[in-house]
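In the working numbering, the protein residues as written are 1 to 251.
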């Protein structure tokens with residue numbers, strides 16, 4: 001099919017999802033179009049949720065890289081960030097947690113609030129999701145700054161980002177759910193954030209400080225949705241060749 005890229009090793013997006021080259025890719029009326037990058041933890045959250053809901057194959061995927069993200073994404077999202085989901089009617093939704101909430105409502109899931117849950121559960125889940133995506137923000141920004149040449153890094157900024165990561169890890173460790181708990185958005189976000197730390201900062205031992213969180217992550221990481229979306233999973237497009245230019249640009 002013209003413009004559709006064959007699968008290659010890196011990070012699986014979803015069986016049946018159509019991958020389209022950015023230069024040929026535009027939203028198609030009547031289709032769900034997701035602007036994505038294979039190593040972004042924010043995109044992984046959306047794709048993991050889609051796998052949990054059984055709809056990962058319904059997306060038409062347009063890949064954004066650090067070199068083309070403004071040209072490719074800004075026509076549908078003025079922030080020029082990924083993930084961005086364009087609906088069948090052309091309306092766009094951005095922010096990974098917002099996209100997951102839309103998918104959950106559209107496809108009848110219980111990611112935002114467990115079935116039979118109380119109203120307070122929804123806000124607890126939303127707050128922990130915000131903490132986990134904040135961890136992604138800090139980690140992606142730290143990764144970007146670390147790749148900048150000497151003299152182009154704000155004094156002390158990497159240290160502040162690292163301190164934020166440490167605080168959020170402690171927060172997540174304080175609310176580890178049982179391994180058999182219903183899958184909710186905050187759990188998916190936490191797992192994607194921790195997976196990104198392992199992917200980009202493999203020498204850092206967050207597990208030593210948080211063994212219970214490490215045990216939970218090991219168990220949760222065996223879920224098919226996590227296996228299918230891992231950054232080193234087989235059968236997917238290659239990663240972008242350059243680092244992110246913004247916190248939620250390709251990571």
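Glycine included, every Cβ here is placed at the ideal spot set by N, Cα and C.
- In the structure shown, residue 65 falls within a coil segment according to DSSP collapsed to helix, strand and coil.
- Excluding sequence positions up to five before and after residue 55, its CB lies within less than 6 angstroms of the CB of 107, all in the same chain and listed in chain order.
- Along the length of the segment 66-127, whole alpha helix (DSSP H) runs at least 4 residues long occupy 69-73 and 96-106, reported in chain order.
- Annotated three-state conformation of residue 60 is strand, per DSSP.
- Within the model, the alpha-carbon separation for residue 160 versus residue 99 is close to 29 angstroms.
- Residue 64 has its alpha-carbon roughly 7 angstroms from the corresponding atom of residue 72.
- Taking C-beta atoms under 8 angstroms as the contact rule, residue 140 and residue 251 qualify, at a distance of about 4 angstroms.
- The beta carbon of residue 164 is closer than 6 angstroms to those of 138 in its chain, skipping five residues each way along the sequence.
- The Cβ-Cβ distance between residue 39 and residue 224 does not fall below 7 angstroms.
- 206 is the residue among 83, 58 and 206 whose C-alpha sits nearest the C-alpha of residue 172.
- Counted as a single uninterrupted DSSP element, the stretch harbouring residue 197 is not any beta strand (DSSP E) but the alpha helix (DSSP H) occupying residues 185-200.
- Using a Cβ distance threshold of 7 angstroms, residue 132 and residue 190 count as a contacting pair.
- In the structure shown, residue 129 falls within a helical segment according to DSSP collapsed to helix, strand and coil.
- Of the other Cβ atoms in all chains shown, fewer than 16 fall within 10 Å of the Cβ of residue 127; this residue is therefore exposed.
- In the pairwise beta carbon analysis, the segment 85-103 is classified as not touching the segment 146-159: fewer than three pairs are separated by under 8 angstroms.
- Take the alpha-carbon of residue 70 and the one of residue 143: they are about 20 angstroms apart.
- Listed as beta-bridge partners of residue 36 by DSSP are 63.
- Between residue 83 and residue 192 the beta-carbon gap is near 12 angstroms, outside 8 angstroms, which marks them as no contact.
- DSSP places residue 46 in the helix class (H, G or I) of the three-state scheme.
- Taking C-beta separations shorter than 6 angstroms and ignoring five residues to either side along the sequence, the partners of residue 109 in its chain run 53, following chain order.
- In the displayed model, residue 148 falls within coil according to three-state DSSP, outside both helix and strand.
- If you check the CB distance, residue 124 and residue 112 do not come in under 7 angstroms.
- 187 is the residue among 202, 187 and 45 whose C-alpha sits nearest the C-alpha of residue 216.
- In the three-state scheme derived from DSSP, where H, G and I count as helix and E and B as strand, residue 228 is classed as helix.
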